[in-house]
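Reviewing the structure listed below.
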Amino acid sequence: MKKTFKFYIALWGAKAGTILLKLLRKNATYFPGKFALSVCPDFMGRIDKPKTIIGVTGTNGKTTVCNMIEDILKENNYDFIDNKYGSNIDSGIATTLISGVNLRGKAKKDLAVLEIDERSASRVFPYLTPTYLICTNLFRDSLMRNAHTEFIASILTKYIPKETKLIVNADDLICSNIAPNNDKIYFSIDRLETDTEKCNNIVRDIIVCPKCNTKLEYDYVRYHHIGKAHCPNCDFKSPEADFIAKKINFEEKEMIVESKDGQAEIIKLANTNVINIYNILAVTVLLKQLELTCEQINNGIENLKIVETRFSEETIDGSKVKIVTHLAKGMNPIACSRAFEYAKTTDGNKVAIVIVDDLHEDAKGTENIAWQYDTDYEFLNDESIRQVIIAGPRYLDGYVRMRMANVPQEKIVYVRDEIEATSMANLEEIDKVVILHDLYSIEETERIKAKIKEMVKEKESK
Amino acid sequence: MKIEVLFPEFGNLFGDTSNIEYLKKCLPDAEIIETSINNEPVFTKENVNLIYLGPSSERAQEMIIGKLKPYKDKIQELIDNNIVFLFTGNAIEILGKYIENEDGSKIEGLGIFDIYAKRDMMNRKNCNVLGKYEDIEIVGFKSQFTYTYGDNENNYFINLDVGFGLNEESKLEGIKVNNFIGTYVIGPILILNPLLTKKILIMMGIEQPKLALEEETMQAYEYRLEEFKRKFRDNK
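Here the protein sequences come in this chain order: E and V.
Under my numbering, read the first sequence as residues 3 to 464, first letter to last.
Under my numbering, read the second sequence as residues 13 to 248, first letter to last.
In structure tokens, the structure reads:
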């Protein structure tokens, strides 16, 4: 697309806006792009873009995957633009592209790493062709925005440019089937000891074969619709992977990544939770396309900075009790179910504190709590979880949900105020306090942590 | 008691199957029959006390229309005979005249109800719902890609105080004909509305219904009712 007068007005206005926002010490990660798109709606089509564009989309793990790619590339002295501190919708991506050009609209760098919201496909892909696009997975997400996975998969299929090479999860039958005519590289994790014959989750976003409606048969289920499946009636099945993670060594934190041509390499794992193994695998496959060596990738992984807001664990001074915080993104049934499963399977006797209400939604009015019934609260009904504490504006809904999951009444504390609720924690013979919290409840989490520490110290001093 | 859940492999998008889980808790002896799309619905040959269908994707919705078309007369007969139906989310559109896509193409429905839906896939419509059904108040949530048109003045389900009805202009939500209830309200409608659940159990022929977790669900219902009135009704 040609650069028009309108384009330059949009570009210079956005550049001036960026300088002004910086002078005012305001965040310039969204507005410049929003301004440019309002002046010139096809701005992203007209601006020069780096030669190689890496896109990352999917329901869960986009940010983590992008952060890892960026950290490893930085460690290996690559120079690139990214939307790490900006939004992942069209205006955020436009802002990033603006930061990457000079006043004539010429690209200053050869590489871009962009997190792209899957719902924004229709506003991004007509103007921007990723060289590689990772799709981490596709699950049901916020229903008010994303509706259902077929909708998201259909817009991705419709808008992903046909020249883009996709890197997709072969163990996800929804994600692996988007854009059927594009070139694809599939990644997969070999069967794990923790895989099961039957699904233990409420939600499976694909139950029957999309070709003939016959119930899919799973060779093994990992979680939700993730696993290896085939249709007993037709040829529909999980695709064969180009890269398979094998022999995962949870102690040594490493895995063997085997490619289709039989090449096997040891790749380090920053974190051995399955979702993160998928994330590192996707990152590894992508970086191999950029011709990074195994050593370069491993060096980068070893120096990764894990973002603390997603998971943290600490032992309280002068005590054996641990406090674990685990992000359980509200309104996202899969993310919460994974967090609840963690609370069940992590060792020791536990108190679980659940603050998963979306406080942003609540501030706007009220939260549609339908997602709670897609979420496996049933995992919290476990002997090792001695007490479940539910707080937040939706505490009564949470209580009903727990009772629907058959959690015994006497194990549940439900109080709106999180500190009042926390003060009712029974820490007798407890090894861990697991705080399962929403993205917008970081401050509340910190307050709960402080309260628990105070309670443990008081108990120890007696 | 027999409850037939139609096509649960599709009609389970927004926590909707929790309604059946709640009915199971209220009626521990009830037989729950799950009919998948490749099987014949049981209501075609046996008596059932409740037929449930939840919201599905647009593709599944079209398949379900194809599946149920041969049973149009049977469904009409069951509605006339006061069999209880609960169709939630976009399930009601299956029984309408047609569903129109953005490009003007139409998918013909069963034509049992004189309504039609228009899809607008890039604009999702969400609202909170507060309104009256007979003498009880209903609370809930709607989230959909369609607005529906047609006259439901004489056969609506909820008279709304808060939220949109069949479409933006309407305050009359859903369809209620005899014991057929069709509503765009999604998710755990029966758990959120214990008083409605009680009424449905009575419609199903249970004289003195006992709700499961009655105290818990009533407490949450009353809290939400008060919250919706305070937050939405007074400043609508």
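From the three backbone atoms N, C-alpha and C, an ideal C-beta is built for every residue, glycine too.
Model, not experiment: these values are computed from the prediction.
| Query | Result |
| --- | --- |
| Can you pull out the residues from the stretch 213 to 234 of chain E whose beta carbon lies closer than 9 Å to at least one beta carbon of chain V? | Cys214, Asn215, Thr216, Lys217 |
| Across which residues does DSSP place Gly57/E in a beta bridge pair? | Leu116/E, Leu135/E |
| What does a CB cutoff of less than 8 Å around Asp124/E pick up in its chain, not counting 5 residues either side in sequence? | Residue identity differs from the one stated: residue 124/E is Ser in this sequence, not Asp. So the list reads Ile157, Lys160, Tyr161, once near-sequence residues are dropped. |
| Within the same chain, show all residues whose beta-carbon is closer than 6 Å to that of Lys144/V, passing over the 5 residues directly before and after it, in chain order. | Asn171 |
| Which residues of chain V have a Cβ atom closer than 8 Å to the Cβ of Gly367/E, listed in chain order? | Asn140, Lys243, Phe244 |
| Quick one: list the residues of chain E neighbouring Gln231/V, beta-carbon separation under 9 Å, in chain order. | Leu398, Tyr401, Val402 |
| Could you please tell me which residues of the stretch 131 to 157 of chain E, in chain order, have their CB closer than 9 Å to any CB of chain V? | Arg142, Leu145, Met146, Arg147, Asn148, Ala149, His150, Thr151, Glu152, Phe153, Ser156, Ile157 |
| Taking 8 Å as the threshold (C-beta atoms), are Leu122/V and Ile77/V in contact? | yes |
| According to DSSP, what are the bridge partners of Gly162/V? | Ile127/V |
| With DSSP run on the structure shown, which of helix, strand or coil describes Ala284/E? | helix |
| Given Phe249/V, which residues of its chain have a CB within under 6 Å of its CB, disregarding the five upstream and five downstream residues? | This structure cannot settle anything about residue 249/V, because the visible part of chain V is limited to 13 through 248. |
| Measuring only the C-alpha atoms, how far is Glu260/E from Ile269/E? | 10 Å |
| Counting along the chain, where does the beta strand (DSSP E) carrying Ser89/E start and finish? | Looking at the DSSP string, Ser89/E is not in any beta strand (DSSP E), and its letter there is neither H nor E. |
| Check the Cβ of Arg71/V against every Cβ in chain E and list those closer than 7 Å, keeping chain order. | Glu152 |
| Using alpha carbons as the reference points, say which of Cys139/V, Leu213/V, Ala72/V, Asn167/V lies closest to Pro20/V. | Ala72/V |
| Run through the DSSP bridge pairs and tell me what Thr47/V is partnered with. | Leu18/V |
| Could you check what DSSP says for Met257/E in three-state terms: helix, strand or coil? | strand |
| Roughly how many angstroms separate the alpha carbons of Glu181/V and Arg245/V, rounded to a whole number? | 17 Å |
| For Ile198/V and chain E, any beta-carbon pair shorter than 8 Å? | yes |
| Measuring alpha carbon to alpha carbon, tell me which of Gly264/E, Ile258/E, Leu292/E ends up nearest Ile279/E. | Ile258/E |
| What residue range is occupied by the uninterrupted beta strand (DSSP E) comprising Val409/E? | Run containing Val409/E: none; DSSP gives neither H nor E here. |
| Consider the Cβ of Phe153/V: report whether some Cβ of chain E lies at a distance smaller than 8 Å. | yes |
| Mind listing the chain E neighbours of Asn50/V? Cutoff is C-beta to C-beta under 7 Å, in chain order. | Asn215, Thr216 |
| At the 8 Å Cβ level, is Phe99/V part of the contact set with chain E, yes or no? | no |
| If I measure Cβ to Cβ from Ile63/V and keep anything under 6 Å in the same chain, skipping five residues before and after, which residues do I get? | Glu16, Phe55, Phe97 |
| Is there at least one Cβ from chain V nearer than 8 Å to Ser124/E's Cβ? | yes |
| Nearest chain E C-beta to Ile15/V closer than 8 Å, yes or no? | no |
| Any Cβ of chain V within less than 8 Å of the Cβ of Val1/E? | The shown model of chain E, from 3 to 464, leaves out residue 1/E, and the question about it has no answer. |
| Taking Cβ positions only, does Asp376/E come closer than 8 Å to chain V? | yes |
| So Gly35/E and Ile118/E are in contact, right, with Cβ under 8 Å, and what is the actual spacing, rounded? | Contact flag wrong, Cβ pair sits at about 13 Å. |
| If we require 3 or more residues per run, which beta strand (DSSP E) segments fall completely within the stretch 339 to 416 of chain E? | 352 to 357, 387 to 392, 414 to 416 |
| First and last residue of the alpha helix (DSSP H) that includes Tyr235/V? | 226 to 240 |
| Taking the alpha-carbon of Leu39/V as reference, which of Glu70/V, Ala224/V, Lys86/V has the nearest alpha-carbon? | Ala224/V |
| When the Cα of Met70/E is compared with those of Gly107/E, Leu116/E, Leu438/E, which residue comes out closest? | Leu116/E |
| Could you name the residues of chain V that Arg405/E contacts, counting a contact when the two beta carbons are closer than 8 Å? | Leu225, Glu228 |
| For Ile201/V, count the other beta carbons within 10 Å of its own beta carbon; 16 or more makes it buried, fewer makes it exposed. Which is it? | buried |
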